[in-house]
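Numbering follows my numbering, in which position 1 of the sequence shown is assigned residue number 25; successive positions increment by one, without gaps.
In this text, a Cβ means the ideal position worked out from N, Cα and C, and glycines have one as well.
Before any comments, here is the structure.
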Amino acid sequence: MNTDINQSSLIRFLVGRFDFIIRLFYSKMRFYKLFNFFLPRLHSSDFESLDRYFHIITGELKKQGFSIRGKSVLEIGPGNSHINAYNFLLNGCRKVIFIDKHPRFFDTGRQRSFMRDEIRYFKSKYRVKKFEYINEDTGALNPSYMEFIAGGLPAVAFPGKVDFIYSIAVLHHIKDLERYIRKMHEILNKDGMMYHVIDLKDKFHFFGNPFLFYKYSDFVWENFLTEETLTYTNRIRYREYVDLFTRYGFKIVWEKTVSHDFPVFKINKKFAGRSDLHIGDAHFLLEKV
């Protein structure tokens, strides 16, 4: 027990003291495989945790009188998990479309194992006997239920409109977020809704530093410490999300924010004087107007 505590304290100290070097090596020198071995929580899907979001999302939709039955749904940035698509389909959704700029196909043993574990968990929890959404051996989607589009949302020729859009811990990874939000408004049907779960924390928050990235200027951050092809973080803050959503034709019908302790260190002047720096998590339910 004491050994675990000591190791955790040491990691926190090292990340806090040498985060510039760690980020530089991770992002620009592509030592990510080494870092993934030592710090596996930096980006990995947890289908049991993601599964819980479906009930949060649909609970808020129900309060607004919005039914998903017969609706078409778009998930932005699913990564390697399909569990919420399975949930939407099981509960009457007509079709789910995925779009991801950096798709993770099920062409490795590790990915196929993840897929099978996720399906096994889903079928067991919801007592599903007839599972038609995906080929459990190959990972091929059944086009009657699910469709995958590889690419960034603003750049692709999107096939028609959808009734509901959602993302879970994705928007903070998007570089051209303003174009994404504008495109969401374009492809969403009249009276359509969106739900976005946004992680506003530094990706090193696992190590007790939820806002460590406030130390850096945009120039240093964008050019040395993050990389779009890995897990780019845009550092857009809560207030800016609110402004972007409302500017591009969405009304916030419900929101929830979670605050975190603000660490004591010198922040960059870019963030000086802001009142929303303590907000580390945000949920938005939005309606197209």
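- prompt: Run through DSSP, which three-state label would residue 233 get?
  reply: Residue state, collapsed to three classes: coil.
message: Threshold first: 3 residues or longer. Then list the beta strand (DSSP E) segments lying entirely within the region 159-188, N to C.
response: For the region 159-188, the continuous beta strand (DSSP E) assignments of 3+ residues that do not extend past its boundaries occur at 170-174, in sequence order.
- request: Thinking residue 235 and residue 286 are a contact (beta carbons under 8 Å), I'd like their distance in whole angstroms, please.
  value: 6 Å
query: Smallest Cα separation from residue 242: which of 258, 116, 233?
result: For the residues 258, 116, 233, the minimum Cα distance to residue 242 belongs to 258.
task: Could you name the residues that DSSP lists as bridge partners for residue 218?
output: 189, 310
task: Determine the DSSP secondary structure at residue 247, reduced to helix, strand or coil.
output: helix
task: Assuming residue 275 and residue 313 form a contact by the criterion Cβ under 8 Å, report the distance between their Cβ atoms to the nearest whole angstrom.
output: 5 Å
Beta-carbon proximity of residue 119 to residue 169, cut-off 8 Å: yes
- request: Leaving out five residues on either side along the sequence, give the residues of the same chain with a beta carbon under 7 Å from the beta carbon of residue 176.
  value: Around residue 176: 125.
- prompt: So the alpha helix (DSSP H) residue 207 belongs to, where does it begin and stop?
  reply: 201-211
Status (buried if at least 16 other CB within 10 Å, exposed otherwise) for residue 92: Residue 92 counts as buried, since at least 16 other C-beta atoms from the protein chains shown sit within 10 angstroms of its C-beta.
message: Can you list, in chain order, the residues of its chain with a C-beta nearer than 6 Å to that of residue 187? Leave out the 5 residues immediately preceding and following it.
response: Once the five neighbours on either side are set aside, the close Cβ partners of residue 187 are 95, 96, 213, 216.
- prompt: Short check: CB of residue 277 to CB of residue 249, under 8 Å?
  reply: no
query: In terms of residues, what are the limits of the alpha helix (DSSP H) holding residue 264?
result: Per DSSP, residue 264 belongs to the alpha helix (DSSP H) from 262-271.
field: residue 308 versus residue 98 - alpha carbon distance
entry: Cα to Cα, residue 308 sits roughly 16 Å from residue 98.
query: Is residue 104 near the ligand MN, judged by its Cβ being under 7 Å from some heavy atom?
result: By its list of ligands, the structure shown contains no ligand whatsoever, and the ligand MN lies outside what it can speak to.
query: Going along the chain, which residues of its own chain have a beta-carbon closer than 6 Å to the beta-carbon of residue 76, five neighbours each way excluded?
result: Same-chain partners within the cutoff: there are none.
message: Suppose you measure from the CA of residue 79 to the CA of residue 219; what does that come to, to the nearest Å?
response: 12 Å
- prompt: How is residue 304 classed by DSSP in three states: helix, strand or coil?
  reply: strand
field: 7 Å CB neighbourhood of residue 240 in its chain, flanking five on each side removed
entry: The answer, listed in chain order, is 249, 292.
field: Delimiting residues of the alpha helix (DSSP H) encompassing residue 85
entry: Here the alpha helix (DSSP H) through residue 85 covers 71-87.
message: Taking the alpha carbon of residue 167 as the reference point, which residue from 182, 121, 105, 267 has its own alpha carbon closest?
response: 121
- prompt: Where residue 245 and residue 90 are concerned, what is the direct C-alpha to C-alpha distance, given to the nearest angstrom?
  reply: 40 Å
- prompt: Which word fits residue 294, buried or exposed, when buried means at least 16 other C-beta atoms lie within 10 angstroms of its C-beta?
  reply: exposed
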